[in-house]
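Here is the structure we will look at.
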Amino acid sequence: MDITDSPIQLQNMYNRKSNTYVEHKIFPYVSLDDLRLDLMNKVRNLVKSRKPDHDWLQMSDQDILKSAGLWEKDFSSGVQGYNLAGVLLFGKDEVIRSCCPGYITDAIYRVENLDRYDDRLQVATNLIESYELLMEFVAKHTSDKFFLVDNVNTSIRDLIAREVIGNILVHRDFSSAYPAKLIVERDWLKTENWCVPRRHGNIMSDEFTPYPKNPLIQQFFANIGRTDTIGSGVRNLYKYTPIYSEGGKPELFEDDVFKISIPLNKIAAESVKESKTLSKREQKIYDMICENIHLSVEQVMAELDISRATVFRDYAKIKRITGASYDKNTSTWTL
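Per the numbering used here, numbering of the sequence shown is gapless, rising by one per residue and ending at 804.
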């Protein structure tokens with residue numbers, strides 16, 4: 470495929486092959502006046518509630534920014550200043566819009582009006598307040614359920630929302646203009662965000678190898694208690710979703726677009742179980758993959774006399790159900 474005339478595809482290819490993180494991009498003309506330093510009191514309170522002797526509690530605002538890696542110097546070019554991570558965490562709205570024009574999270578509640586939405590919130594402010602706004606949106610449109618966790622009465626809904634919202638804010642690819650989405654439906658909570666995939670396919674709780682997409686932002690959120698260690702989010706979703714939905718399991722799918730689907734009730738949980746069986750044709754394709762891990766789309770089309778679109782649709786279901794993944798670079802299936 471020739472992508473030389475497609476700047477978006479070229480950028481995506483560069484991002485996948487690059488060893489650098491977009492959050493490290495330095496904006497030398499961003500100053501303290503461009504940042505929301507009024508958020509520092511909130512940050513200190515969150516840090517204190519998590520760790521009363523945290524080093525940040527004794528630091529000035531600027532020292533906290535430097536300690537968190539939000540101000541840095543590029544030793545290859547000599548450029549220094551606040552980076553994209555700092556802008557996204559503390560920038561004023563107009564500064565964020567200028568430095569990262571594609572950044573937005575679209576929260577949608579869709580139950581009655583299935584063609585459009587019943588409620589919508591577009592969030593384009595700093596990541597600290599974005600987290601709070603999105604948590605409030607989920608709380609507004611979903612029922613809460615309390616269970617004993619370590620002998621403490623705990624909101625399972627909030628635990629699940631914390632993980633999915635943390636993911637779309639912390640682990641997305643900020644170089645893409647693809648808008649992150651949080652969608653609340655009658656039976657489902659779903660999220661989508663662009664990412665730089667390290668694998669392709671379904672993410673299972675027992676085989677997930679965590680890879681930080683934006684380590685500076687992730688570490689900052691960990692310090693204020695809004696995320697935990699890398700990889701714990703997947704484990705928590707697999708742990709708490711069955712409790713909340715009476716037996717359902719989360720669906721996490723990593724590709725260029727990272728998708729999470731959380732069943733909200735027993736109806737959704739049962740529909741997942743019914744959809745986790747391969748049809749006769751899908752099973753045939755899976756058997757062909759098992760026999761030849763370099764199986765091409767053309768071979769499947771010729772063998773089963775089906776269209777390319779049908780093959781890709783069957784591939785998607787096979788990957789979701791079996792956990793198989795496909796590496797586009799080597800044209801190889803991993804089972």
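Cβ coordinates follow ideal geometry from the N, Cα and C atoms, glycine included.
It should be emphasised that the depicted structure is a prediction, and the values quoted were computed from it without experimental measurement.
Using 10 angstroms around the beta-carbon of K735, count the other beta-carbons present and answer buried if the total reaches 16, otherwise exposed.
K735 should be labelled exposed.
Please state whether the Cβ-Cβ distance between W525 and S518 is less than 9 Å.
By the CB criterion at 9 Å, W525 and S518 fall outside the cutoff.
When you compare each of A576, F643 and E661 to P570 by their alpha carbons, which one comes out closest?
Nearest of A576, F643 and E661 to P570, Cα basis: F643.
Would you give the residue range spanned by the alpha helix (DSSP H) that A576 belongs to?
From DSSP, A576 is part of no alpha helix (DSSP H) but of the beta strand (DSSP E) over T574 to R579.
Helix, strand or coil for V665? Go by DSSP, reduced to three states.
Coil at V665, not helix or strand.
Give the list of continuous beta strand (DSSP E) stretches no shorter than 3 residues that lie fully inside the segment 722-796.
If we require 3 residues or more, the beta strand (DSSP E) runs fully inside the segment 722-796 come out as 726-732 and 794-796.
Exposed or buried, which one is N683 when buried takes at least 16 other CB atoms within 10 Å?
By the 16-neighbour rule on beta-carbons within 10 angstroms, N683 is buried.
Here's the rule I'm using: 16 or more other beta-carbon atoms within 10 Å means buried, otherwise exposed. How should H640 be labelled?
Buried: at least 16 other Cβ atoms inside 10 Å.
Taking just the CA atoms, how far does S612 sit from T801?
Annotation: T801 to S612 spans about 43 Å, alpha carbon to alpha carbon.
Inter-residue CB distance, V592 and I573 (contact presumed, cutoff 8 Å):
With a Cβ gap of about 7 Å, V592 and I573 count as contacting.
Would you decide whether G670 is buried or exposed? Buried here means 16 or more other CB atoms lie within 10 Å of its CB.
Residue burial annotation: G670 is buried, with at least 16 other C-beta atoms found within 10 angstroms of its C-beta.
Report, in whole angstroms, the separation of the C-beta atoms of D656 and A737, which I expect to be a contact under 8 Å.
Indeed, because the Cβ distance is near 4 Å, the residues count as touching under 8 Å.
Taking the alpha-carbon of S545 as reference, which of K494, D503 and G538 has the nearest alpha-carbon?
Nearest to S545 by C-alpha distance, out of K494, D503 and G538, is K494.
I'd like to confirm the pairing. Which residues does DSSP put opposite D588 in its beta bridges?
Partner residues in the beta bridge of D588, as assigned by DSSP, are Y578.
Among K659, A771 and R668, the one whose alpha carbon lies nearest that of E720
Measuring from the Cα of E720, the nearest candidate turns out to be K659.
Check whether the Cβ of F496 sits closer than 8 Å to any heavy atom of the ligand NAD, and report yes or no.
The ligand content of the structure shown is nil, which means the ligand NAD is not present either.
List the endpoints of the continuous alpha helix (DSSP H) containing F559.
Counting along the chain, the alpha helix (DSSP H) containing F559 begins and ends at L553 to F559.
Taking just the CA atoms, how far does L534 sit from M673?
Rounded to whole angstroms, the separation of the alpha carbons of L534 and M673 is 36 Å.
Can you have a look at C759 and say buried or exposed, based on whether 16 or more other CB atoms are within 10 angstroms of its CB?
Exposed is the call here.
Where do the N-terminal and C-terminal ends of the beta strand (DSSP E) with E632 fall, by residue?
In the DSSP assignment, E632 falls outside any beta strand (DSSP E) and lies within the alpha helix (DSSP H) extending over I625 to V639.
Counting along the chain, where does the alpha helix (DSSP H) carrying E689 start and finish?
The question names Glu, but residue 689 is Phe in the sequence shown. In the DSSP assignment, F689 falls within the unbroken alpha helix (DSSP H) covering P684 to N692.
For N595, which three-state DSSP category applies?
In the three-state DSSP reduction, N595 falls in the coil class, being neither helix nor strand.
Buried or exposed: where does Y498 fall if 16 or more other Cβ atoms within 10 Å of its Cβ makes it buried?
Y498 should be labelled exposed.
With 16 as the cutoff for other CB atoms within 10 Å, does R589 come out buried or exposed?
Taking a 10 Å sphere around the C-beta of R589, we find fewer than 16 other C-beta atoms and assign the residue as exposed.
Which residues in the same chain have their Cβ closer than 8 Å to the Cβ of G635, if we skip the five residues on either side of it in sequence?
Cβ within range, chain order: Y600, F690, R695, T696 and G702.
Sufficient close CB pairs (3 or more, under 8 Å) joining the segment 787-804 to the segment 751-770:
With three or more CB-CB distances shorter than 8 Å, the segment 787-804 counts as touching the segment 751-770.
Take the Cβ of K464 as the centre, count every other Cβ of all protein chains shown within 10 Å, and call the residue buried at 16 or more, exposed below.
Since the first and last residues shown for the chain are 470 and 804, residue 464 lies out of range.
To the nearest angstrom, how far is it from the Cα of L638 to the Cα of L747?
Answer to the nearest angstrom: the Cα atoms are 34 Å apart.
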